[in-house]
Amino acid sequence: MTSSSASRKAKIEAATPKGRAGGNGANRAVVAAVVVVVVIAAVITAVVLGRSDKQQATTAGGSSLPKGASAMGAGILVNPGAPTTVPTLDLYEDFQCPICAEFEHRFGADIVSLADKNQVRLVVHTLSFLDDNLRNDSSIRAANGAACAADQGKFLPYHSANFGGQPLKEGAGYTDADLRSFAQKAGITGAALQSWQQCYDTKAHNRYVVSVQTQSEKDGVNGTPTLKLDGKTLDLNGFTAESLAAQVKAATK
Amino acid sequence: MAVLPDPRHRDVVGLVARLLLGGVVLLAGLLKVGHLETSARAVRAYQLLPYDLAGVIGYGLPILEVALGLLLVLGLFTRVSAFVSGVLMVVFIAGIASAWARGLSIDCGCFGKGGTIAAAQTQYPQEIARDIGLLLCAAWLTKRPTTALALERLLFPAGYEERVHA
Numbered sequence: 009m010t011s012s013s014a015s016r017k018a019k020i021e022a023a024t025p026k027g028r029a030g031g032n033g034a035n036r037a038v039v040a041a042v043v044v045v046v047v048i049a050a051v052i053t054a055v056v057l058g059r060s061d062k063q064q065a066t067t068a069g070g071s072s073l074p075k076g077a078s079a080m081g082a083g084i085l086v087n088p089g090a091p092t093t094v095p096t097l098d099l100y101e102d103f104q105c106p107i108c109a110e111f112e113h114r115f116g117a118d119i120v121s122l123a124d125k126n127q128v129r130l131v132v133h134t135l136s137f138l139d140d141n142l143r144n145d146s147s148i149r150a151a152n153g154a155a156c157a158a159d160q161g162k163f164l165p166y167h168s169a170n171f172g173g174q175p176l177k178e179g180a181g182y183t184d185a186d187l188r189s190f191a192q193k194a195g196i197t198g199a200a201l202q203s204w205q206q207c208y209d210t211k212a213h214n215r216y217v218v219s220v221q222t223q224s225e226k227d228g229v230n231g232t233p234t235l236k237l238d239g240k241t242l243d244l245n246g247f248t249a250e251s252l253a254a255q256v257k258a259a260t261k
Numbered sequence: 005m006a007v008l009p010d011p012r013h014r015d016v017v018g019l020v021a022r023l024l025l026g027g028v029v030l031l032a033g034l035l036k037v038g039h040l041e042t043s044a045r046a047v048r049a050y051q052l053l054p055y056d057l058a059g060v061i062g063y064g065l066p067i068l069e070v071a072l073g074l075l076l077v078l079g080l081f082t083r084v085s086a087f088v089s090g091v092l093m094v095v096f097i098a099g100i101a102s103a104w105a106r107g108l109s110i111d112c113g114c115f116g117k118g119g120t121i122a123a124a125q126t127q128y129p130q131e132i133a134r135d136i137g138l139l140l141c142a143a144w145l146t147k148r149p150t151t152a153l154a155l156e157r158l159l160f161p162a163g164y165e166e167r168v169h170a
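Which chain is which? The protein sequence lines are A and B, in order. Per this note's numbering, the very first residue in the first sequence carries number 9; after that it's consecutive. Per this note's numbering, the very first residue in the second sequence carries number 5; after that it's consecutive.
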């Protein structure tokens with residue numbers, strides 16, 4: 009390397025702007041701008057899509073309230089004959105939730121008996137959040153089936169049949185025929201079964217079902233099963249039929 | 005950095021930090037990105053943000069994590085990506101600690117799922133320890149973003165040389 013070529017090289021280096029790419033590199037600023045724009049666009053797209061998906065679910069199907077539900081977002085009051093002096097027991101469940109099925113298996117009869125004896129006002133909220141997790145629509149269809157069963161005065165029997173028929177593998181889901189068989193097991197037959205089927209096929213209560221899910225989120229229910237006694241969440245750690253009965257008794261005026 | 009006098013050794017440490025931080029952040033994003041409603045629910049379970057804002061964070065965060073994770077794994081804009089990831093880790097640690105302190109029983113929802121779980125299943129110390137480890141990776145890379153096998157080394161050789169010899 010001669011001294012003249014060395015000085016030329018130094019001149020070229022001095023002329024190259026610092027902090028920018030050299031002759032054989034990409035332009036850092038341009039690449040950075042592209043990356044930033046792509047990332048921001050992707051985040052905004054996700055937020056907009058997520059919100060519009062939710063909007064669509066909210067407006068699909070019919071908007072009639074099932075029997076026992078006093079308003080959009082409210083659960084189904086199973087025993088409207090109960091006096092107002094007894095505490096309200098709110099039960100939040102998703103028909104695809106395995107722990108809910110186990111809970112029903114162990115305590116379902118005790119809770120139904122409390123309702124039958126009008127010792128609590130039993131309000132059941134059928135949730136559908138597991139659909140997103142399990143990538144199917146079985147929870148929302150099952151909740152629709154339960155709402156249609158409520159119209160036939162068979163909410164609890166349907167509820168019990170549906171949990172009894174939960175597939176062993178979480179996420180296997182329910183076919184429409186499965187849900188119809190739960191309605192039949194619940195004692196819905198003849199003309200009543202036809203009404204149930206029509207209600208189910210038209211998804212007459214779908215917007216109600218979605219509203220129950222949304223309301224539960226706003227009420228801070230982030231898992232199932234959740235039990236609330238007069239609005240206070242019960243600890244399911246060491247939960248027994250006796251501990252429930254004791255708490256119900258303590259809350260009765 | 006007297007322990008590692010050779011900058012090439014520090015570049016390798018940087019590579020490990022980049023792959024650890026980037027790999028975990030990328031995985032966390034990918035596991036959530038197809039379940040945005042669940043992700044929103046996981047954010048709501050912390051009971052820190054209003055309903056709608058929690059939804060926006062839940063929908064947007066997984067994509068941001070995928071982007072940051074990809075940049076870190078590739079080694080592109082390492083300093084900025086590591087800094088933003090570090091800020092996220094601080095937020096995550098604060099959120100988990102707050103849930104723990106308030107006696108909530110939730111899954112952190114870091115890798116999908118999330119929501120209320122049984123008290124015995126909570127893993128707050130492990131979750132916080134993991135995020136502190138990742139925060140350390142982010143701190144290293146923010147302080148010294150030159151790493152081995154980085155895409156930016158290939159794309160922007162001029163700028164890279166300057167920083168290495170600075």
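No residue lacks a Cβ here, since even glycine has one placed at the ideal position from N, Cα and C. Bear in mind that the values here come from a model prediction, so they are computed numbers and not experimental data.
Check the Cβ-Cβ distances between residue i and every residue of chain A, and say whether any is below 8 Å.
| i | result |
| --- | --- |
| Thr221 (chain B) | The structure shown has nothing for residue 221 (chain B), since chain B only spans 5 to 170. |
| Gln51 (chain B) | yes |
| Gly73 (chain B) | no |
| Ala3 (chain B) | Summary: the structure shown does not reach residue 3 (chain B), with chain B confined to residues 5 through 170, and so no result is reported for it. |
| Val77 (chain B) | no |
| Ala86 (chain B) | no |
| Phe96 (chain B) | no |
| Tyr63 (chain B) | yes |
| Phe115 (chain B) | no |
| Arg45 (chain B) | yes |
| Thr126 (chain B) | no |
| Gly119 (chain B) | yes |
| Leu159 (chain B) | yes |
| His13 (chain B) | no |
| Arg134 (chain B) | no |
| Thr82 (chain B) | no |
| Thr146 (chain B) | no |
Pick helix, strand or coil for residue i, following the three-state DSSP scheme.
| i | result |
| --- | --- |
| Leu57 (chain B) | helix |
| Thr92 (chain A) | coil |
| Cys112 (chain B) | coil |
| Gly119 (chain B) | strand |
| Phe247 (chain A) | coil |
| Leu252 (chain A) | helix |
| Lys211 (chain A) | coil |
| Tyr182 (chain A) | coil |
| Thr24 (chain A) | Reliability of the predicted coordinates at Thr24 (chain A) is poor, the pLDDT of 47 falling under 50, and the value obtained from them is presented with this limitation in mind. DSSP places Thr24 (chain A) in coil when its eight states are reduced to three. |
| Phe190 (chain A) | helix |
| Ala170 (chain B) | At Ala170 (chain B) the pLDDT is 44, less than 50, meaning the model places this residue with poor confidence; the figure from the coordinates comes in the next sentence. Residue state, collapsed to three classes: coil. |
| Pro66 (chain B) | helix |
| Lys257 (chain A) | helix |
| Ala152 (chain B) | coil |
| Ala29 (chain A) | Its pLDDT being 41, under 50, Ala29 (chain A) is placed unreliably by the model, and the measurement read from it follows with that caveat. Reduced to three states, the DSSP call for Ala29 (chain A) is coil. |
| Asn141 (chain A) | helix |
| Val217 (chain A) | helix |
I want to see whether chain B comes within less than 8 Å of residue i, judged by CB atoms only; does it?
| i | result |
| --- | --- |
| Arg215 (chain A) | no |
| Ala29 (chain A) | Note that Ala29 (chain A) has pLDDT 41, beneath the 50 cutoff, so the model's placement of it is unreliable and the number below is only indicative. At least one chain B Cβ lies under 8 Å of Ala29 (chain A). |
| Phe7 (chain A) | For chain A, the structure presents residues 9 to 261; residue 7 (chain A) sits outside this window and is missing. |
| Lys226 (chain A) | yes |
| Gly58 (chain A) | yes |
| Arg114 (chain A) | no |
| Asn152 (chain A) | no |
| Asn245 (chain A) | yes |
| Gly76 (chain A) | no |
| Phe137 (chain A) | yes |
| Thr70 (chain A) | A small fix is needed here, since residue 70 (chain A) is Gly in this sequence, not Thr. Output row for Gly70 (chain A): interface = no. |
| Arg149 (chain A) | no |
| Gly231 (chain A) | yes |
| Val43 (chain A) | yes |
Who pairs with residue i in a beta bridge, going by DSSP?
| i | result |
| --- | --- |
| Leu97 (chain A) | A:Leu130 and A:Leu237 |
| Asp102 (chain A) | A:Leu135 |
| Ile84 (chain A) | A:Ala77 and A:Val132 |
First and last residue of the alpha helix (DSSP H) that includes residue i?
| i | result |
| --- | --- |
| Glu112 (chain A) | Pro106 to Asp124 |
| Gln51 (chain B) | Counting along the chain, Gln51 (chain B) falls outside any alpha helix (DSSP H), and DSSP gives it neither H nor E. |
| Pro165 (chain A) | Phe163 to Gly172 |
| Glu131 (chain B) | Tyr128 to Lys147 |
| Phe87 (chain B) | Thr82 to Ala105 |
| Asp159 (chain A) | Ser146 to Asp159 |
| Pro11 (chain B) | Pro11 to Val37 |
| Ala49 (chain A) | Arg36 to Thr67 |
| Leu159 (chain B) | Leu155 to Leu159 |
Three or more C-beta pairs closer than 8 Å, one from the region 12 to 30 of chain B and one from the region 102 to 112 of chain B: is that the case here? no
Does the structure place the region 108 to 123 of chain A close enough to the region 15 to 24 of chain B that three or more beta carbon pairs sit under 8 Å? no
Should the region 139 to 147 of chain B be called in touch with the region 80 to 90 of chain B, which here means at least 3 C-beta pairs below 8 Å? yes
Counting Cβ pairs closer than 8 Å, one from the region 55 to 70 of chain A and one from the region 88 to 101 of chain A, do we hit at least three? no
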